[in-house]
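Chemist:
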């Protein structure tokens, strides 16, 4: 109604006359036309808050469309494979969006052994030299028994191989991920973006996030580890459990030590893990060390509790990789999402780096000869559908 007290008096004056105390003469009454305009406006405003079912449906559709973002390439997982793929694409002039479920880079894992193939991939994406300055070159490998305490084998990394000199270093995972991330343009990595489902929409894929947002993409690459959502969408089974667990840790030395730049391996009896708490895990590891040098035992004793990591070891059966669909249209997987492996091979991180760069190079390749070879010869064997579109020729995902 009318907000002023004088307007209220005008309304009262229109009622039938009754005995009332004398009041001051009111100002000019509000015209009927202005009142009718007021009530009409109020009614129209009220009706907007009571939408019909069709209007509600249209409004929800417009909201969902506003939340839907279209990207050329989306990579799920900001791990080694995901960031290497993104950086490889960036070096080729192709923008990508990396979705990471955690709120920051996940630096668990502490360190990994990197062989020559890994360093070639790091050089290819332009961060090899900066990492070499912070990681010492290993000269060889010494294997010993925790039962007898005796050395069982020794191998030199200095000798040249078929493709030149070997390059083996123990690489800090944290420094590797930071080096990859720092080379990417701002906004490439989107944190707190957990993928809950994937949906097909013609040629595109719709990626549904836990926060309700939807991302539409032309190319989807799953680098989201052993529990990959993308691998599950492709039809892969959950990686098989080996029946073993791996312990990792990192010890900091505030003073000089006498260790040589050698990889030391110790083998003994395998036992079932009974504890998973950090303080009990260290006790468990100490109790199973057997007959090893005291300086090696001291390394584990001096490792902080929060620097211990225990995880079950999983792998994918070879026949799944040979006969399974590692790609489907414009979707594929790489790294641990494709081929999780045990640390015995020493190639988990190395393969992830290779996957990332090779995949980026395949997506970028747009030469006439390469396109001709892929389309006419490789396509029937390695891929089912092309990923060619107007903005770039990304060939086949293989």
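Residue numbers (the UniProt record's numbering): 1 to 398. Even glycine gets a Cβ: it sits at the ideal position worked out from N, Cα and C.
Using only CA atoms, which one of 92, 123, 79 lies nearest to residue 107?
Modeler: Nearest option by C-alpha distance: 79.
Chemist: Going straight from the alpha carbon of residue 161 to that of residue 168, what length do you get?
Modeler: Near 13 Å, if we compare the C-alpha coordinates of residue 168 and residue 161.
Chemist: Considering only their Cβ atoms, is the gap separating residue 246 from residue 337 smaller than 7 Å?
Modeler: Cβ distance not < 7 Å, so residue 337 and residue 246 don't count as in contact.
Chemist: Just curious, the alpha helix (DSSP H) that residue 295 is in, first and last residue?
Modeler: Start and end: 294–301.
Chemist: Work out the CA separation of residue 360 and residue 397 for me, nearest whole Å.
Modeler: The predicted position of residue 397 is uncertain, since its pLDDT is 33 and thus under 50; a value taken from the coordinates is nonetheless stated next. Cα-Cα distance, rounded: 10 Å.
Chemist: Evaluate residue 257 with the Cβ neighbour count: other Cβ atoms within 10 Å of its Cβ, from every protein chain shown; 16 or more gives buried, anything less gives exposed.
Modeler: Its Cβ having fewer than 16 others within 10 Å, residue 257 is exposed.
Chemist: Could you check where the beta strand (DSSP E) with residue 229 kicks off and where it finishes?
Modeler: Segment 229–234 is the alpha helix (DSSP H) holding residue 229; no beta strand (DSSP E) there.
Chemist: With H, G and I counted as helix, E and B as strand and the rest as coil, what does DSSP make of residue 241?
Modeler: In this structure, residue 241 counts as strand in the three-state DSSP scheme.
Chemist: Check whether the Cβ atoms of residue 189 and residue 98 lie closer than 7 Å to each other.
Modeler: Yes, they are a contact pair.
Chemist: Under the three-state reduction of DSSP, which class applies to residue 318: helix, strand or coil?
Modeler: Note: residue 318 maps to helix in three-state DSSP.
Chemist: Determine, using beta carbons only, whether residue 121 and residue 267 come nearer to each other than 7 Å.
Modeler: In this structure, residue 267 does not lie closer than 7 Å to residue 121 by Cβ.
Chemist: Write down the C-beta distance between residue 352 and residue 81 rounded to the nearest angstrom, noting that I regard them as a contact closer than 8 Å.
Modeler: Confirmed, Cβ separation roughly 4 Å.
Chemist: Who are residue 312's beta bridge partners in DSSP?
Modeler: The partner list for residue 312 (beta bridge, DSSP) reads 245.
Chemist: What residue does the beta strand (DSSP E) around residue 140 start on, and which one ends it?
Modeler: First-last of the beta strand (DSSP E) with residue 140: 140–145.
Chemist: Counting along the chain, where does the alpha helix (DSSP H) carrying residue 84 start and finish?
Modeler: 80–91 is the extent of the alpha helix (DSSP H) around residue 84.
Chemist: Where residue 253 and residue 295 are concerned, what is the direct C-alpha to C-alpha distance, given to the nearest angstrom?
Modeler: Going from the Cα of residue 253 to the Cα of residue 295 covers about 12 Å.
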